[in-house]
Amino acid sequence: MANDGDLIARRYRLVSRIGSGAMGVVWQAEDERLRRTVAVKELLVHAGMSPAQTEEAHRRAVREGRLAARLHHPNAIAVYDAVEHEGKPCLIMEYVPSLSLSATLADRGALPVHEVAAIGAQIASALAAAHKAGIVHRDVKPGNVLMAADGTAKLTDFGISRATGDGTLTATGMLAGTPAYLAPEVAQGHDASFASDLYSLGATLYAAVEGAPPFGFSDNAIALLYRIATSDAPKPERAGELTATLDWLLQRDPAARPTATDAKQVLEALAELADPPQAAAVSTPPVAAEQPTVQAPVVLDPVGPTPTEPDRSAIEPLPAGTEPPHTRRRAVVAALVTAVLVVTGVVVYALNSGSRNDAGSGVSVQNSATTSASGQSPAPSAATGTTAGTGAPANPAPSTAPPTSATSAAPPTQDLATQLTSAITDYYRIVPGDLDQGWGLMTTDYQQNHAGGRAGYQGFWRPIDHVTVSDVVATPPSSVVATIGYVYKDGHTESERTTYGLVNEGGVWKIASSVVGNRGN
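Numbered according to UniProt numbering, the sequence shown spans residues 1 to 521.
Structure follows, in structure tokens:
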């Protein structure tokens with residue numbers, strides 16, 4: 001192991017040891033060539049590896065480090081170099097005077113909701129950039145979130161857990177480190193994906209606002225893995241307005257989680273709201289620091305190779321200009337949170353129900369349609385959702401989908417469920433026959449940011465002759481699930497089970513979000 005004063009790669013002089021953990025030892029160092037302060041992380045592999053496995057882990061660490069060096073983002077610790085010292089891999093990284101979120105929680109206890117949302121927005125932003133570059137973090141947790149004095153949050157250790165065998169299942173069938181922040185599919189032995197990073201982000205934010213990760217800590221790693229793999233995350237008690245977003249991030253089905261870009265937008269909006277009174281009034285004890293590394297045999301399939309192609313969250317990032325300006329954020333907070341509530345409350349149902357015959361079913365409409373027939377298929381490890389209904393091309397991200405429209409709110413004498421049902425069925429009586437009226441039944445945000453503007457909307461509907469609507473199920477206060485059948489002018493047909501989120505603007509129900517679950521021909 002290196003010592004103070006050692007010269008690494010004939011360039012980096014170790015000054016002082018500033019931290020250590022299951023994955024290695026971190027030093028403050030001086031780059032004698034560029035005359036700047038850097039951090040040097042000497043990576044360690046866990047016990048139980050054979051010499052051949054250790055050598056492979058060293059090679060992988062260098063590869064992962066060089067991959068991470070491609071990422072340049074203000075909320076990600078930069079990796080400058082990957083070198084070896086006395087046969088051990090070392091990463092040369094950006095030095096930031098900071099405390100980890102884990103240490104912050106141990107010192108302060110659970111944090112206010114708006115502060116957690118601000119941290120989450122920054123980390124989601126870093127993940128969005130990483131995913132666009134094809135990088136899966138694999139180990140998002142409070143210990144890997146560094147907090148600077150000015151409130152800046154930075155994510156560190158991209159891909160390092162895979163390189164060293166920490167925090168994930170390895171080819172030896174061993175688990176090193178706490179599994180408390182692993183996604184269910186990773187706990188089951190599957191390879192980590194972009195969606196897995198989003199679950200881990202949700203677990204991290206859950207711990208920050210609640211005082212512990214969703215399934216707590218346990219010395220029995222196998223028992224904890226089993227709970228994560230087989231159980232839904234418990235509902236948070238102190239999260240206030242952050243609750244819906246946590247539910248969204250912590251969906252067991254990877255396809256039901258948001259992309260990093262979606263999460264960033266919603267968390268940014270929530271961060272600007274005043275902290276909920278109930279959250280501010282709760283006094284919580286300090287959060288226990290992350291438990292020491294444990295090793296336990298895990299009888300599960302080994303994790304697969306590193307993905308080389310971006311998943312759904314990187315396939316089609318939002319086009320430039322889609323994010324509302326800062327001055328408009330408060331005006332769209334309600335719509336964003338409504339969309340989150342719709343996705344978290346109904347998306348699992350939409351993904352798994354294709355043929356329920358509930359109230360409002362069997363409505364046939366001869367002038368309408370919704371989702372694009374040209375939606376891309378996501379990468380194998382990505383989710384399969386596509387957007388529905390407003391004339392926008394299908395988006396591989398199953399979270400925030402292009403706008404669908406809703407029709408005039410029903411008279412006050414109708415109950416809310418009937419109003420919601422009518423909003424969907426009436427909309428599909430209007431389009432594609434009257435696109436002018438249909439256009440006005442979408443929220444402005446979805447018209448511009450998801451339907452592709454007026455030209456995109458008209459282009460979507462051009463090949464469609466009419467649609468049918470059936471199996472309509474309204475769930476107050478703002479969601480509807482329906483099966484939409486499309487009949488194209490060339491004679492072919494498609495059907496989609498779609499979940500809609502509606503908002504009432506001036507007495508008119510408008511579609512603010514749509515998520516496609518099951519598709520068929």
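Each residue gets a CB set at the ideal place from its N, CA and C atoms; glycine is no exception.
Predicted model only: the values in this text are computed from it and were never measured.
Report, in whole angstroms, the separation of the C-beta atoms of N75 and Q28, which I expect to be a contact under 8 Å. Wrong, their Cβ atoms sit about 21 Å apart, outside the cutoff.
For D39, name the three-state secondary structure that DSSP assigns. Per the sequence shown, the amino acid found at residue 39 is Ala instead of Asp. Residue state for A39 is assigned as strand, using DSSP reduced to three classes.
Which of the three DSSP states is assigned to D4 in this structure? coil
Would you mind reading off the limits of the alpha helix (DSSP H) that contains Q437? Counting along the chain, the unbroken alpha helix (DSSP H) around Q437 starts and ends at 435-439.
State the CB to CB distance for the pair E94 and I77, rounded to an integer number of angstroms; the pair is presumed to be in contact (CB under 8 Å). 5 Å
Measure the CB-CB distance between S196 and Y181 and report whether it falls below 7 Å. no
Restricting to runs no shorter than 3 residues, where is the beta strand (DSSP E) found entirely within the segment 71-126? Those beta strand (DSSP E) runs which fall completely within the segment 71-126 and span 3+ residues are 79-85, 88-94.
State the CB to CB distance for the pair I228 and P179, rounded to an integer number of angstroms; the pair is presumed to be in contact (CB under 8 Å). Between I228 and P179 the beta-carbon gap is near 7 Å, inside 8 Å, which marks them as a contact.
Contact check, Y500 vs I511, beta carbons under 7 Å: yes
Give a yes or no on whether the C-beta atoms belonging to C90 and V40 are separated by under 7 Å. yes
Can the beta-carbon of L249 be found less than 7 Å from the beta-carbon of G202? yes
By the three-class DSSP mapping on this structure, what secondary structure does E496 have? strand
If you check the beta carbons only, do V209 and V116 fall under 7 Å apart? yes
So, helix, strand or coil for D465, using DSSP? strand
I'd like to confirm something about D426: is its beta-carbon nearer than 6 Å to some heavy atom of the ligand FMN, or not? In the structure shown, the ligand FMN is absent, as is every other ligand, since no ligand is present at all.
Beta-carbon proximity check, R13 vs E42, cutoff 7 Å: Going by C-beta atoms, R13 is not nearer than 7 Å to E42.
Measure the CB-CB distance between A126 and L155 and report whether it falls below 7 Å. yes
From the DSSP output, in three-state form, read off G453 for me. helix
Among T444, E237, D426, whose alpha-carbon lies nearest the alpha-carbon of A110? E237
To the nearest angstrom, how far is the alpha carbon of D247 from that of A9? One C-alpha to the other measures close to 46 Å.
DSSP state of T443 mapped onto helix, strand, coil: Note: T443 maps to coil in three-state DSSP.
What is the residue span of the beta strand (DSSP E) that I484 lies within? 479-488
Please identify the residue among D107, G65, A148 whose C-alpha is closest to the C-alpha of D81. G65
DSSP three-state assignment for G65, whether helix, strand or coil: Annotated three-state conformation of G65 is helix, per DSSP.
Exposed or buried, A130, counting other C-beta atoms within 10 Å across all chains shown (16 or more means buried)? buried
Using a Cβ-Cβ cutoff of less than 6 Å, which residues in the same chain neighbour V25 once the five nearest sequence positions on both sides are dropped? E42
First through last residue of the alpha helix (DSSP H) which encompasses V266: 260-271
Starting from N144, follow its DSSP beta bridges and name the residues at the other end. BP columns for N144 are empty, so no partner.
Nearest to P476 by CA position, among T418, W439, D426, is which residue? T418
For a test of the three-state rule: what should DSSP assign to R252, helix, strand or coil? coil
Where P112 and L105 are concerned, what is the direct C-alpha to C-alpha distance, given to the nearest angstrom? Roughly 11 Å between the two C-alpha positions.
Quick test of your reading: V480 and V467, contact by CB under 8 Å. State the CB separation rounded to the nearest angstrom. Going by Cβ atoms, the distance from V480 to V467 rounds to 15 Å, so no, they are not a contact pair.
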